[in-house]
Structure formats: C-alpha cells, structure tokens
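Here the UniProt record's numbering is used: the first residue of the sequence shown is 1, the next is one more, and so on. To start, the structure itself, in structure tokens.
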Amino acid sequence: MVNSVFYDVINIQNNKESSSIFIKLFGDFYDPTNRRFVLNNNTSFSFCAKEVADVLGIENTGPDFNAPAAKKVPQFVKDLVIGYGVDSSGKISTTTIKELLKKMNVDDEESRLNFKKVLCYFLIEMFLIPSPDPKKPRTGSWSMVEDLDVYEKVNWAKAIYEDLHESFNKLKTATVGKQHNFKACAPVFEAVVFERIPSLKPNLSSYPYPPIQKYDAKRKDWELLKSIKADEVFFCTICYAS
C-alpha cells in the first residue's frame, strides 16, 4: 500500500476519539440551506473539499464514484473468511474483517491483491464514509474496491465532504429527544475546524502529519463556540482566492 493515495492515513498513529459534544454543538449551528455553521449573530464558518483533502494528506481531484452498489459480498471474501477460520458461516461483520486482516498472508500477487481489497473496503466502512452501524459494514461498498485503480482515482475528499454535510443535515433535523449518531468522519471535521479556528486548538500531538492526527484529544469547554468572534476564524485560502 506504499503507493496508495491513503498510505499516510493507513499509517496514522494518533487514534484519538472525537468529541460528541463538539459535533453536537456544530450540528446545532448548522444551516443546511447555505451549508455553513452560524456560531452567533456575527460569526459563521464553512469549509470546502480542499480542506478535507489537506487534513488527510490527499488530493482534491478525480471523478465521483458512480458504480452501482454491490448486491452481495464477493465470493473471494466469503472464501477467505471461512478459509482462515474467522467465521465458519462466512458471515461478515466489522469484527470479521478485523480478524481477517490480521490473519491474511501476502505471499503471492493474488493474496496481496485480496488483502488490499479487504483493507480498502475496511477503510471506507470504518473511516472514509463510515457505515451507519459500526458493527455491520455495508455490502454495497464492496463495489468500490472491485477495481483498485478506479478506487485510487476517486475524489475521496469530495465524497467525505458531501458525507459530512449529509450527516450534519440529519443531525440538525433529528427528532428532539431521540438518539442520533453522527455517521460521517468526525475526526476530519475536527481537524479542519482546528486548522481554521486557532482558539479552539487542543495541544499538539507528537504526530504532525497528516493534520488529522496533529491534535491531542484533550477536551475543552466547547460552549465557548457561541462567543467566537469573526476575526478568530481564519479564511480558507482556497475559497477566499476564488
């Protein structure tokens, strides 16, 4: 995976948890019509796909993924799950995929290709465009790794950007009093915010690149978001230039 667009992401060392309070507050501030966050009467915040790309260390280029969703788990995956003794029934869960990745060998070209496909699938389901149910990965996403050359060329920054907005929209419109899990990649959004609003930055971690692992998980009093001033929000240099 050395030549993969996600090489740096796969090798992230600082696996901090995201703050649910932080995400919930931004959900309260979200304006779905204008795709921005209105923090108070004087201050708003928005972001772009290029910023998503920057915090992940990838490019904001390439086509959208347009292939139809897979209708069933590929046979080679079922064979691997049974063959490696992960699950005799061949059923696929998040735990199944994790265990399979630990056990798979990469002794020849076919096994290396299979490993890459399973790893890329896991990356999609658990991180890039996460499954709504973290314990149950989606069958449909297997079509995304059928051709790894296509997978590598997809504009994942844009896909993640759109998924973040969709998730904030659902969070904003969720029925009051009912639990709603934020589905999208929260660590990406947090990193974008910290890069743009310095007063919110946690302490730096010992892993500066890619920026998604740049900050520690130290919690702050996120209520201060409501009093952020406009001059505390840095412009997105890409959007401002355009």
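Each residue gets a CB set at the ideal place from its N, CA and C atoms; glycine is no exception.
Point to revise | Contact under 8 Å by Cβ, residue 188 with residue 52 | key: yes
Practice item. Take every Cβ of the stretch 19-30, pair it with every Cβ of the stretch 124-138, and state whether three or more of those distances are shorter than 8 Å. Key: no
Practice item. Express the C-alpha separation of residue 226 and residue 8 in angstroms, rounding to a whole number. Key: 34 Å
Point to revise | Through-space distance from residue 217 to residue 200, alpha-carbon basis | key: 12 Å
Review point. What are the boundary residues of the beta strand (DSSP E) that includes residue 39?
Key: 36-40
Exercise for review: Let me know the secondary structure DSSP gives residue 96 once reduced to three states.
Suggested key: helix
Review point. Measuring CB to CB, does residue 155 end up less than 8 Å from residue 60?
Key: yes
Review point. Closest to residue 96 by CA distance: which of 48, 84, 107 and 55 is it?
Key: 84
Check your understanding: Going by Cα to Cα distance, which pick from 26, 56, 10 and 146 is closest to residue 210?
Key -> 56
Point to revise | Contact check, residue 196 vs residue 233, beta carbons under 8 Å | key: yes
Exercise for review: Can you give me the Cβ contacts of residue 115 inside the same chain, cut-off strictly under 6 Å, excluding the 5 residues immediately before and after it?
Suggested key: 104 and 106
Check your understanding: Is it true that the CB of residue 120 sits closer than 8 Å to the CB of residue 145?
Key -> yes
Check your understanding: residue 31 to residue 37, Cα distance in whole Å?
Key -> 6 Å
Exercise for review: Please report how far the alpha carbon of residue 147 lies from the alpha carbon of residue 153, in whole angstroms.
Suggested key: 10 Å
**Study point:** Opposing strand residues paired with residue 161 [DSSP bridges]
**Key:** Answer by DSSP bridge pairing: none, since residue 161 is not bridged.
Check your understanding: Should residue 92 be flagged as near chain D, meaning a C-beta pair shorter than 8 Å?
Key -> Here there is only one protein chain, and chain D is not present.
**Study point:** Identity of the residue in 5, 6 and 13 nearest residue 215 by Cα
**Key:** 13
Point to revise | Boundaries of the alpha helix (DSSP H) in which residue 122 is found, first to last residue | key: 109-123
Review point. So what does DSSP say about residue 246, is it helix, strand or coil?
Key: Residue numbering for the chain in the displayed model covers 1 to 242; residue 246 lies beyond these limits and cannot be assessed.
Exercise for review: Give the DSSP-derived three-state secondary structure of residue 131 in the structure shown.
Suggested key: coil
Check your understanding: Just to confirm, are residue 45 and residue 39 a CB contact at a threshold of 8 Å?
Key -> yes
Check your understanding: What's the C-alpha gap between residue 49 and residue 157?
Key -> 6 Å
Practice item. May I ask you to report which of helix, strand or coil DSSP gives residue 215? Key: strand
Check your understanding: Under 8 Å, do residue 143 and residue 230 count as touching if we go by C-beta distance?
Key -> no
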